[in-house]
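Novice: Residue numbers (our numbering): 2 to 336.
Ideal placement from N, C-alpha and C gives every residue a C-beta, glycine not left out.
Note that the coordinates shown come from a computational prediction; the quantities given were computed from them, not determined experimentally.
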Ligand code: ATP
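1. When you compare each of 307, 249, 321, 315 to residue 333 by their alpha carbons, which one comes out closest?
2. Opposite residue 37 in the DSSP bridges: which residues?
3. Between residue 241 and the rest of its own chain, which residues show a CB-CB distance below 6 Å, the 5 nearest in sequence each way excluded?
4. How about the stretch 278-293 and the stretch 56-68: do they share at least three Cβ pairs that are nearer than 8 Å?
5. Do residue 72 and residue 41 have their C-beta atoms closer together than 9 Å?
6. Below 9 Å between beta carbons: does that hold for residue 263 and residue 238?
7. Over the uninterrupted beta strand (DSSP E) stretch that includes residue 308, give me the two end residues.
8. Counting along the chain, where does the alpha helix (DSSP H) carrying residue 132 start and finish?
9. Using a strict less-than 5 Å threshold between each residue's beta carbon and the heavy atoms of the ligand ATP, what residues do you get?
10. If we ignore side chains and look at the alpha-carbon of each, how far apart do residue 107 and residue 235 end up?
11. For residue 141, which residues does DSSP report across the bridge?
12. Grouping DSSP H, G and I as helix and E and B as strand, with all else coil, what is residue 290?
13. Would the stretch 243-258 count as touching the stretch 90-97 if we require 3 or more Cβ pairs under 8 Å?
14. Please go through the same chain and pick out, in chain order, the residues whose beta-carbon is closer than 6 Å to the beta-carbon of residue 311, but skip the five residues on each side of it.
15. Anyone know if the C-beta pair for residue 11 and residue 21 falls short of 9 Å?
16. Excluding the 5 residues flanking residue 158 on each side, which residues of the same chain have their C-beta closer than 8 Å to its C-beta?
17. Put residue 339 into one of helix, strand or coil per three-state DSSP.
18. Using C-beta distances below 6 Å, list every residue in its chain close to residue 327, excluding the 5 sequence neighbours before and after it, in chain order.
19. List in chain order: all unbroken alpha helix (DSSP H) runs of 4+ residues lying wholly within the stretch 172-200.
20. Along the chain, where does the alpha helix (DSSP H) that runs through residue 213 open and close?
21. Taking C-alpha atoms, which residue in 25, 275, 335 lies nearest to residue 322?
22. In the DSSP assignment, find the unbroken alpha helix (DSSP H) run with residue 23 in it and report its ends.
23. Alpha carbon to alpha carbon, what distance is there between residue 29 and residue 35?
24. So, are the CB atoms of residue 126 and residue 172 less than 9 Å apart?
25. Taking residue 220 as part of the alpha helix (DSSP H), name the residues at either end of that continuous run.
26. Taking the straight line between their C-alpha atoms, what separation do you get for residue 297 and residue 37?
27. DSSP three-state label for residue 251, please.
28. Look at the alpha carbon of residue 119 and the alpha carbon of residue 156, and state the distance between them as a whole number of angstroms.
29. Using DSSP bridges, identify the partner residues of residue 341.
30. Who are the Cβ neighbours of residue 117 in its own chain at under 6 Å, not counting the five residues just before and after it?
31. Ends of the alpha helix (DSSP H) at residue 260?
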């Protein structure tokens with residue numbers, strides 16, 4: 002039986018990296034039945050809807066999605082598709098493994114960086130509750146609930162236990178946001194107490210950013226509310242070669258949506274320069290989630306082999322290859 006997978010190519014470089022990733026997944030030999038649906042700016046132009054019903058209908062059939070980035074306008078315009086999808090499907094865990102790829106030259110290349118980011122995905126300042134109180138005074142509501150904080154903390158510690166990881170660090174600003182971040186921390190501590198074999202620590206977000214740059218190799222698992230999780234993810238991506246590298250997964254009880262950390266990268270759209278590594282590594286996570294462990298390992302190994310050889314890398318990581326040349330090299334390593 003082929004695995005049904007919903008594909009949302011998205012905007013900007015999304016269709017380019019999605020196509021490359023589908024080719025790489027097919028080259029593993031796993032039987033897949035892609036269901037391609039549009040969401041984002043392209044869907045809005047074609048159907049008048051940012052998130053057409055076909056997207057949710059397909060995900061309710063397949064329960065697994067592979068998604069390219071979708072456009073979110075700055076300071077106005079439509080709301081984020083990512084936020085809408087995460088809320089509609091209750092994808093409360095944002096999981097982002099940040100690892101150094103072998104052979105890749107970065108400023109931190111000598112350090113064994115291997116950390117995992119668990120970002121709460123449904124609330125915080127992403128609740129989208131903003132209003133103008135009086136002219137020129139705007140209020141943005143930061144929502145933190147016990148339910149959401151406990152479940153992200155539990156997902157984090159359960160992963161740590163299953164994978165034999167050593168330490169979870171909760172990141173916060175509870176010295177200033179004593180009630181909201183205070184509640185988040187309280188929940189993290191409660192869950193940590195149930196996992197006594199895993200070391201638990203806390204860092205204030207500004208200090209965490211400095212420590213991440215100075216001693217990235219000492220971090221194991223990071224547990225963060227939504228906004229800090231977003232910012233720290235990009236910082237962490239910068240440590241291991243940039244946004245073209247880091248994969249991600251949005252996980253809930255019923256659905257899993259795999260997508261890269263990066264955005265639509267409009268500056269390189271349609272130029273054949275996009276690095277599909279992040280979405281390909283997301284697809285390796287997806288294959289593992291589908292129980293296709295061998296294919297997942299083969300795809301990951303093929304990507305690493307191409308990095309090790311260093312001959313077919315894209316411009317963002319110091320190479321000269323196009324998206325399709327890189328993809329060809331990965332596919333070639335899988336055969
Ligand atoms: P968005 O607002 O859509 O989330 P962003 O502000 O996070 O976008 P990106 O679109 O991710 O920004 O791009 C930031 C920079 O990183 C750009 O210069 C872009 O070209 C580069 N970049 C991002 N992803 C990739 C990729 N896959 N390959 C090569 N360069 C990339």
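Specialist: Checking against the coordinates, here is how it stands:
1. Here residue 333 is taken as the residue at index 332 of the chain shown, counted from 1. Measuring from the Cα of residue 333, the nearest candidate turns out to be 307.
2. In the chain shown, the residue the question calls residue 37 occupies position 36. DSSP lists 8 as partners of residue 37.
3. For the purposes of this step, residue 241 is identified with residue 240 of the chain shown, where counting begins at 1. Answer for residue 241: 99, 101, 114, listed in chain order.
4. yes
5. The residue labelled residue 72 in the question sits at position 71 within the chain shown. The residue labelled residue 41 in the question sits at position 40 within the chain shown. Taking 9 Å as the Cβ cut-off, residue 72 and residue 41 qualify as a contacting pair.
6. For the purposes of this step, residue 263 is taken as the residue at position 262 of the chain shown. For the purposes of this step, residue 238 is taken as the residue at position 237 of the chain shown. For residue 263 and residue 238, yes; Cβs fall inside 9 Å.
7. Here the question's residue 308 lines up with position 307 in the chain shown. Taken as a continuous stretch (DSSP letters only), residue 308 belongs to no beta strand (DSSP E), being part of the alpha helix (DSSP H) at 294-310.
8. Position 131 of the chain shown, counting from 1, holds the residue named residue 132. From DSSP, residue 132 is part of no alpha helix (DSSP H) but of the beta strand (DSSP E) over 131-135.
9. 244, 245, 263, 264, 265, 266, 268, 269, 275, 276, 317
10. What you label residue 107 is simply residue 106 of the chain shown in a count that begins at 1. What you label residue 235 is simply residue 234 of the chain shown in a count that begins at 1. Computed Cα separation, rounded: 15 Å.
11. The residue given as residue 141 occupies position 140 in the chain shown. Per DSSP, 131.
12. As a first step, residue 290 must be located in the chain shown, where it is residue number 289. Looking at residue 290 - three-state DSSP - the assignment turns out to be helix.
13. yes
14. In the chain shown, the residue the question calls residue 311 occupies position 310. Same-chain partners within the cutoff: 104.
15. Residue 11 sits at position 10 when you count from the first residue of the chain shown. Residue 21 sits at position 20 when you count from the first residue of the chain shown. Not a contact, by the Cβ cut-off of 9 Å.
16. As a first step, residue 158 must be located in the chain shown, where it is residue number 157. So the list reads 169, 192, 193, 195, 196, 199, once near-sequence residues are dropped.
17. Examination of residue 339 is not possible in this model, given that the chain is present from 2 through 336 alone.
18. The count along the chain shown starts at 1 and reaches residue 327 at position 326. Only 313, 315 meet the Cβ criterion.
19. 181-193
20. Walking along the chain shown from the start, residue 213 turns up at place 212. Segment 206-215, the alpha helix (DSSP H) holding residue 213.
21. Stepping through the chain shown from its first residue, residue 322 is reached at position 321. The shortest Cα separation from residue 322 among 25, 275, 335 belongs to 275.
22. The residue you call residue 23 lines up with position 22 of the chain shown. Residue 23 -> alpha helix (DSSP H) spans 15-28.
23. Translated into positions along the chain shown, residue 35 becomes position 34. Translated into positions along the chain shown, residue 29 becomes position 28. Cα-Cα distance, rounded: 15 Å.
24. Taking the first residue of the chain shown as position 1, residue 126 is located at position 125. Taking the first residue of the chain shown as position 1, residue 172 is located at position 171. Their beta carbons are not under 9 Å apart, which means residue 126 does not touch residue 172 by this criterion.
25. Reading the chain shown from its first residue, position 219 is the one you call residue 220. Residue 220 -> no alpha helix (DSSP H), and no H or E assigned at all.
26. The sequence position of residue 297 within the chain shown is 296, counting from 1. The sequence position of residue 37 within the chain shown is 36, counting from 1. So the two alpha carbons sit approximately 21 Å from each other.
27. The residue labelled residue 251 in the question sits at position 250 within the chain shown. Residue 251 falls in the strand class under three-state DSSP.
28. Walking along the chain shown from the start, residue 119 turns up at place 118. Walking along the chain shown from the start, residue 156 turns up at place 155. Approximately 8 Å between the Cα atoms of the pair.
29. Lying outside 2 to 336, the shown extent of the chain, residue 341 is not represented and no answer is given.
30. In the chain shown, the residue the question calls residue 117 occupies position 116. Once the five neighbours on either side are set aside, the close Cβ partners of residue 117 are 98, 222.
31. Along the chain shown, read from residue 1 onward, the residue named residue 260 stands at position 259. Looking at the DSSP string, residue 260 is not in any alpha helix (DSSP H); the run it does join, the beta strand (DSSP E), is 257-260.
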